[in-house]
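In the numbering used here, the protein residues as written are 7 to 305.
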């Protein structure tokens, strides 16, 4: 029996998602070799290097440098920020890579269609990381629906209840807080839900309607006397569930290591000092966020 080809992997973006995928790949050295990574933060490239254990691993300071080095691998993991997915995926396809693409594919429908066109033209594969399709729970639900054991499927109700601290971390203080600099929450977070509903239904969607708004994390909701930063002595800090100082205590994990690379070993004092200038130290009611905190979608 012929052994499967060993696939060489490279990463554009070496943050939490790329680290997860490469750690999984490293468990199967007979199938995968991690040979390159690019990220503006050298410590993140170093994490991929350590996971790789490949003697020829090459690190790069940005995507352009890696792509300019020629085709170094069979598969490119594109795990950069949402608004960069299209350009990075397009460039990697043109360089000859198959793609493992972190969701969302892109931030506009036109860009999604262009990625499809380029992949077909180049004869390359683009696999999108809709990981819920591979979860045992959802695979069992799909099996039951398709069997007809419960009768005919007429509707699906799906609720995405984002944890309040996760909402504040990612969509108020964090990378996805400003839609124009990332993508709307329906893409950045809830494309998992729309994909799994579509997959479970097994039918093509013909009409879409949606509405949502930013209702809660607004300046006028701030408690009286709340400063711009939680480190500046908030009068309600001891009872506020969104107090950023909790990053130095009960909310250090799992979110802080995704944005502060020293989170695991840093002292509470060091984390507090970092919060004084970090976006994650801001009062949740005094950020420049415009991402929704509630939305309804009908398919």
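Using N, Cα and C, we set each Cβ at its ideal position, and we do this for glycine too.
Remember, it's a predicted structure, so these values are computed and weren't measured experimentally.
Looking only at 300, 254 and 62, the smallest Cα-Cα distance to residue 168 is reached by 300. Exclusion of the five residues before and after residue 156 leaves 150 as the residues of its chain whose Cβ lies within less than 7 Å of its Cβ. In the three-state scheme derived from DSSP, where H, G and I count as helix and E and B as strand, residue 132 is classed as strand. Taking 8 Å as the cut-off, the beta carbon of residue 217 is found no closer than this to the beta carbon of residue 297.
Looking at the DSSP output, residue 303 bridges to 216. In the assembly as shown, residue 133 is an exposed residue. Its beta-carbon has fewer than 16 other beta-carbons within 10 Å. Rounded to the nearest angstrom, the Cβ distance from residue 188 to residue 88 is 5 Å, consistent with a contact under 8 Å.
By the Cβ neighbour-count rule, residue 288 is buried, with 16 or more other Cβ atoms within 10 Å of its own. At a Cβ-Cβ threshold of 8 Å, residue 94 and residue 110 do not count as neighbours. The C-alpha of residue 244 lies about 14 Å from the C-alpha of residue 254. Counting only the Cα atoms, residue 293 lies some 32 Å from residue 27.
In this structure residue 45 is buried. Its beta-carbon is surrounded by 16 or more other beta-carbon atoms within 10 angstroms. Around the beta-carbon of residue 58, 16 or more other beta-carbon atoms lie within 10 Å, marking it buried.
The count of Cβ pairs closer than 8 Å, one atom from the stretch 74 to 89 and one from the stretch 97 to 117, reaches three, so the stretches are in contact.
Shown here, residue 44 sits in a strand according to DSSP, grouped into three states. Here DSSP, grouped into helix, strand and coil, assigns residue 16 to strand.
In terms of CA proximity to residue 248, 229 leads the group 229, 263 and 73. Contact holds between the stretch 223 to 241 and the stretch 273 to 292, because three or more Cβ pairs, one in each stretch, are under 8 Å apart.
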